[in-house]
Amino acid sequence: NAGVMQNPRHLVRRRGQEARLRCSPMKGHSHVYWYRQLPEEGLKFMVYLQKENIIDESGMPKERFSAEFPKEGPSILRIQQVVRGDSAAYFCASSPEQGSFEQYFGPGTRLTVT
Amino acid sequence: LAKTTQPISMDSYEGQEVNITCSHNNIATNDYITWYQQFPSQGPRFIIQGYKTKVTNEVASLFIPADRKSSTLSLPRVSLSDTAVYYCLVAPLGNTGKLIFGQGTTLQVKP
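Below you can see the structure in the form of structure tokens.
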């Protein structure tokens with residue numbers, strides 16, 4: 184059973200460009216979480232999605248960031264007009280049920296904004 | 104959500120037992136205690152979860168006293184590969200499941 188997959192693993196974008204981060208949850212998991220880890224800091228919750236629904240986006244910046252988890256395909260975290268402060272590791276996690284504290288994390292996407 | 108406090112760093116030697124204590128003085132009745140491990144450049148990995156008394160799995164043990172205001176993660180006979188950051192999290196059952204990570208404890212295992 185493949186684990187959580189994220190791609191790309193490394194992404195370099197210039198200021199002002201768009202970044203798209205993809206997450207494929209574990210098979211059978213319909214709950215996806217996105218977290219961000221800034222350099223030398225802990226992980227911060229961003230958003231929680233179920234298929235076709237955003238359940239909790241309390242950690243998402245108000246502008247430029249959006250997330251989706253369509254009926255078919257991976258979950259996408261989209262960052263428009265990236266700035267240097269967006270440089271971070273973005274982790275996706277999945278779980279088989281709502282409210283589970285046992286989440287399975289992917290390897291992360293390391294975004295570098297130049 | 105209950106605030107957690109844990110040591111910023113700890114050192115140990117191979118073969119020793121390591122105990123990492125987390126304080127959560129304002130833990131609520133329906134809060135559960137969960138521990139995660141994170142290696143450099145990797146996503147966190149679930150270690151163990153408990154509500155009270157003692158929980159043990161193939162990786163670690165979790166000790167929770169009766170008042171539940173603290174918890175201790177016990178790693179038996181650590182090896183160099185246990186060098187990682189360990190996070191203590193407290194959250195209520197029925198929460199959306201979002202995990203609130205603190206700064207964690209950086210464990211350095213020396214040969």
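Those sequence lines, one after another, are chains V and B. Under my numbering, the first residue of the first sequence carries the number 184, and numbering increases by one thereafter. Under my numbering, the first residue of the second sequence carries the number 104, and numbering increases by one thereafter. Even for Gly, the Cβ is constructed at its ideal location relative to N, Cα and C. The structure presented is a predicted model; accordingly, all values stated were derived computationally and were not measured.
Beta-carbon gap between residue i and residue j smaller than 8 Å
i: B/Val162; j: B/Ile150; result: yes
i: V/Thr292; j: V/Gln200; result: no
i: V/Tyr218; j: V/Lys227; result: yes
i: V/His214; j: V/Gln263; result: no
i: B/Leu196; j: B/Ile203; result: no
i: B/Gln152; j: B/Ile136; result: yes
i: B/Thr208; j: B/Ile111; result: yes
i: V/Ala250; j: V/Ile238; result: no
CB contact check: residue i to chain V, cutoff 8 Å
i: B/Phe204; result: yes
i: B/Arg148; result: yes
i: B/Gln152; result: yes
i: B/Tyr135; result: yes
i: B/Gln140; result: no
Minimum Cβ-Cβ distance from residue i to chain B less than 8 Å
i: V/Tyr216; result: yes
i: V/Ser305; result: Residue 305 of chain V lies beyond the range of chain V shown here (184 to 297); nothing can be said about it.
i: V/Phe252; result: no
i: V/Ser278; result: yes
Residue burial classification, residue i (beta-carbon count within 10 angstroms, cutoff 16)
i: V/Ala185; result: exposed
i: V/Pro253; result: exposed
i: V/Gly284; result: Per the sequence shown, residue 284 of chain V should be read as Phe rather than Gly. Classification for V/Phe284: buried.
i: B/Ala131; result: exposed
i: V/His193; result: exposed
i: V/Lys234; result: exposed
i: V/Tyr231; result: buried
i: V/Gly256; result: exposed
i: V/Arg261; result: exposed
i: B/Gln211; result: exposed
i: B/Leu183; result: exposed
Proximity to residue i [Cα-Cα], best of the options
i: V/Met209; options: V/Val296, V/Ala276, V/Leu221; result: V/Ala276
i: B/Pro147; options: V/Pro290, V/Gly282, V/Pro191, V/His212; result: V/Pro290
i: B/Ile123; options: B/Ala194, B/Ser164, B/Ala169; result: B/Ser164
i: B/Tyr190; options: B/Pro214, B/Ser182, B/Asp134, B/Gln141; result: B/Gln141
i: B/Gln109; options: B/Asp134, B/Gln145, B/Val188; result: B/Val188
i: V/Arg198; options: V/Ser258, V/Pro222, V/Arg247; result: V/Arg247
i: B/Thr186; options: B/Asn160, B/Asn133, B/Lys213, B/Thr175; result: B/Lys213
Residue i Cβ short of 7 Å to the ligand HEM heavy atom set
i: V/Ser249; result: The model on display carries no ligand, and the ligand HEM is accordingly not part of it.
Exercise. For the segment 218 to 240 of chain V, enumerate the residues whose C-beta is nearer than 7 Å to any C-beta of chain B, in chain order.
Key: Gly225, Leu226, Phe228, Tyr231, Ile238, Asp239
Quiz item: Going along the segment 182 to 205 of chain B in order, which residues come within less than 8 Å of chain V, judged by CB to CB distance?
Solution: Tyr190, Leu192, Ala194, Leu196, Gly197, Asn198, Thr199, Gly200, Lys201, Leu202, Ile203, Phe204, Gly205
Quiz item: Of all the residues that make up the segment 285 to 296 of chain V, which are near chain B by a beta-carbon distance shorter than 7 Å?
Solution: Glu285, Gln286, Phe288, Gly289, Pro290, Gly291
Self-check item: Contact list for the segment 243 to 267 of chain V against chain B, Cβ threshold 7 Å
Solution: none
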